[in-house]
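Q: My numbering puts the sequence shown at residues 659 to 763.
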Amino acid sequence: MGKSKAKTDPNEDAKLLSELTTAAEQIGVAVRFERLQKGAIRITHGLCRVHEQDTIIIDSRLDPSERLGALTDEMASLDLSGIFVNPMLRERLERSRERQGRSHA
Numbered sequence: 659m660g661k662s663k664a665k666t667d668p669n670e671d672a673k674l675l676s677e678l679t680t681a682a683e684q685i686g687v688a689v690r691f692e693r694l695q696k697g698a699i700r701i702t703h704g705l706c707r708v709h710e711q712d713t714i715i716i717d718s719r720l721d722p723s724e725r726l727g728a729l730t731d732e733m734a735s736l737d738l739s740g741i742f743v744n745p746m747l748r749e750r751l752e753r754s755r756e757r758q759g760r761s762h763a
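#1: Can you find at least 3 beta carbon pairs, one from the stretch 696-707 and one from the stretch 667-675, that sit closer than 8 Å?
#2: Expressed to the nearest angstrom, what Euclidean distance is found between the alpha-carbon atoms of Ile701 and Asp717?
#3: Answer with buried or exposed for Thr730, where buried requires no fewer than 16 other C-beta atoms within 10 angstroms of its C-beta.
#4: Are the Cβ atoms of Val743 and Thr713 separated by less than 8 Å?
#5: Just the C-alpha distance for Thr680 and Met733, rounded to the nearest angstrom, thanks.
#6: Quick check on this structure: which residue in Arg755, Ser754, Leu736 and Asp667 has the alpha carbon closest to the alpha carbon of Leu705?
#7: Helix, strand or coil: how does DSSP classify Leu675 here?
#8: If you reduce the DSSP assignment to three classes, tell me which class Glu732 lands in.
#9: Got a sec, what are the start and stop residues for the beta strand (DSSP E) Glu710 sits in?
#10: Exposed or buried, what is Ile741 when buried is set at 16 or more other beta-carbons lying within 10 Å of its beta-carbon?
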């Protein structure tokens, strides 16, 4: 049997996504949602520099829960210690760091 995905509230995911996007902007990281597929390789998200601006790009076709997961994974390596982040989001970021084998930023 396949791995079942926990049901999440799309409205709550959208709210958390908005909060995390705001946190990224507060530390100078732009967040963009664009269609990301070229050829046979499907990329869903990534952190890069665009015109001297750190930018996280996330596939616009992902649902709110997947967008939140992608943004959480990308932001797990960033230093958010200088800004307020919702405790629920901090917990998600910490779990992402642990999954990725990263220490606390």
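Just so you know, even glycine gets a beta-carbon here, dropped at the ideal spot from N, CA and C. Bear in mind the structure is a predicted one, so any value in this text is a computation, not a measurement.
A: On the basis of the data shown:
#1: With the cut-off at 8 Å, the stretch 696-707 and the stretch 667-675 do not touch.
#2: Linking Ile701 to Asp717 through their CA atoms gives a straight-line distance of about 8 Å.
#3: Thr730 counts as buried, since at least 16 other C-beta atoms from the protein chains shown sit within 10 angstroms of its C-beta.
#4: No. Outside cutoff.
#5: Straight across, the Cα-Cα distance linking Thr680 with Met733 is about 12 Å.
#6: Minimum Cα distance to Leu705 is reached at Leu736.
#7: Of the three classes helix, strand and coil, the one that applies to Leu675 here is helix, per DSSP.
#8: Glu732: helix per DSSP, three-state reduction.
#9: For Glu710, there is no enclosing beta strand (DSSP E), as DSSP marks it with neither H nor E.
#10: With fewer than 16 other Cβ atoms within 10 Å, it is exposed.
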